[in-house]
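Novice:
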Amino acid sequence: MKVAVVGATGLVGSEILTVLAERNFPVTELIPVASERSKGKEIEFKGKKYKIVTPAEAIALRPDVALFSAGGGTSTEYAPQYAEAGITVVDNSSAWRMDPTKKLVVPEVNGQVLSAADKIIANPNCSTTQMVVVLQPLHAKYKIKRVVVSTYQSVTGTGVKAVNQLMDERAGKDGEKAYPYQIDLNVIPHIDVFQDNGYTKEEMKMIQETNKIMGDDSIRVTATTVRIPVMGGHSESVNIEFENDFDLAEVRRLLTEQEGVIVVDDPANLQYPMPKDAHGKDEVLVGRIRRDESQDKTLNLWVVADNLRKGAATNAVQIAELLLKKNLI
Ligand code: A2P
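Here it is as structure tokens:
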């Protein structure tokens, strides 16, 4: 299996390399891809060194699958060229997610939608992915009417520049800014660009992508997405109103049984999910499971995941694993 990782020098790209190695994805040849700037530099994977090539050069090397994480521009330009050359693309950018001809996939939720016709497969937004893994079994059992989510998102979700901004501010140094305001000792209720309706693009992604992945436009979703000065790991407060009433013990059982979810919920012993504990984990952590006492048939949850893992790299590699299992690559 020849695997190209496009954006191999980036935060998500390097996490993809780690996850490919950890999960023993059967890579026989790695093709690390980055910009002209990085061409010729070497990257180590499983003890072997590989030379970085450009996206155009990688096409000629005929990988079986290409995992893209080099921004929307690179995906828009190159993913169709790869697909045309018969290379299956798993794309981490937002370029193709809402394209009705492209599948948006979280394997535990809608892996069954993948077919041989899919040459460009979209990986969802990090905040959406960790939420739908938890919503799925609850929707199947009680039917979700409405979701109200507020996020607490870490700076690694923005990229290297944001990590540097936080570290510079913490050290009292001047430097390049990824955000319009100080992030250290602050909270910024603004992720991605503002839309005409007053929501940000990140919030609209959570709304639209949730409906698409869960295959149900009747689920109403509203979101407030917020950047906090945490290095890695996104947290979410999720309020879910159901059509049917639920039993809390059964909710816990359903979540415990859900693939890719770990329930961490023991308030008596101060056990609840935190971003520090999610670091390096492929699973989504859920806790603070309780009834919303202000409204019938409504549940409150706290959901945490490593945004570079399940939110990005792990989900992309799991899509590739599923393609392999279904003999689609
Ligand atoms: P490079 O290191 O050569 O700039 P991050 O989001 O963490 O900053 O990472 C972005 C990734 O996307 C990097 O691997 C970067 O490579 C890659 N990249 C950015 N622009 C291009 C491009 N035009 N073609 C290929 N790769 C690109």
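Residues in the sequence shown are numbered from 2 upward in steps of one, following this note's numbering. Even glycine gets a Cβ: it sits at the ideal position worked out from N, Cα and C.
1) Give the straight-line distance between the Cα atoms of A306 and P64, rounded to the nearest whole angstrom.
2) Please go through the same chain and pick out, in chain order, the residues whose beta-carbon is closer than 8 Å to the beta-carbon of A179, but skip the five residues on each side of it.
3) With DSSP as the reference, label H235 as helix, strand or coil.
4) For T243 and Q137, I'd like the C-alpha separation in whole angstroms.
5) So, are the CB atoms of D185 and E170 less than 7 Å apart?
6) Could you name the residues of the same chain whose beta carbon sits closer than 8 Å to that of N212, not counting the 5 residues immediately before and after it, in chain order?
7) Leaving out the 5 sequence neighbours to the left and right, which residues in its chain are closer than 8 Å to Q280 when beta-carbon positions are compared?
8) Which ranges does the alpha helix (DSSP H) cover as unbroken runs of at least 4 residues, wholly within the stretch 122-205, from first to last along the chain?
9) With DSSP as the reference, identify every bridge partner of Y51, one or two as the case may be.
10) Could you tell me whether the stretch 93-109 touches the stretch 40-56, using the rule of 3 or more Cβ pairs below 8 Å?
11) Taking only the alpha-carbon atoms, compute the straight-line gap between F247 and S238 and give it to the nearest angstrom.
12) Please give me, in chain order, every unbroken run of the beta strand (DSSP E) with length at least 3 that falls completely inside the stretch 63-97.
13) Looking only at its chain, what residues have a beta carbon closer than 7 Å to the beta carbon of K202, apart from the 5 residues adjacent to it on each side?
14) Could you give the distance in angstroms between the alpha-carbon of A71 and the alpha-carbon of S94?
15) Using C-beta distances below 7 Å, list every residue in its chain close to K40, excluding the 5 sequence neighbours before and after it, in chain order.
16) How big is the Cα-Cα spacing for K174 and M168?
17) Apart from the five residues on each side of it in sequence, which residues of its chain come closer than 6 Å, Cβ to Cβ, to L286?
Specialist: From the atom records:
1) Spanning the two alpha carbons is a distance of roughly 30 Å.
2) Residues V156, T159, G160, K162, A163, N165 and Q166 of the same chain have their beta carbon placed closer than 8 Å to that of A179, with the five preceding and five following residues left out of the count.
3) Strand, per DSSP.
4) Residue 243 is actually Phe in this sequence, not Thr. Approximately 12 Å, taken between the alpha carbons.
5) Between D185 and E170, the C-beta gap is smaller than 7 Å, which places the two residues in contact.
6) Taken in chain order, the residues that qualify are D218, I220 and V222.
7) The sequence shown places His at residue 280, rather than the Gln named in the question. Taken in chain order, the residues that qualify are G233, G234 and D307.
8) 127-143 and 161-172, all fully within the stretch 122-205.
9) Note: Y51 sits in a beta bridge opposite I44.
10) With the rule of 3 Cβ pairs closer than 8 Å, the stretch 93-109 does not count as touching the stretch 40-56.
11) Answer to the nearest angstrom: the Cα atoms are 19 Å apart.
12) Here the runs fully enclosed are 66-69 and 89-92.
13) Contacts found: D193, V194 and Q196.
14) One alpha carbon belongs to A71, the other to S94, and they sit about 8 Å apart.
15) Here the set comprises I53, V54 and T55.
16) C-alpha separation (whole angstroms): 8 Å.
17) Contacts found: I263, V265, P274, A279 and V305.
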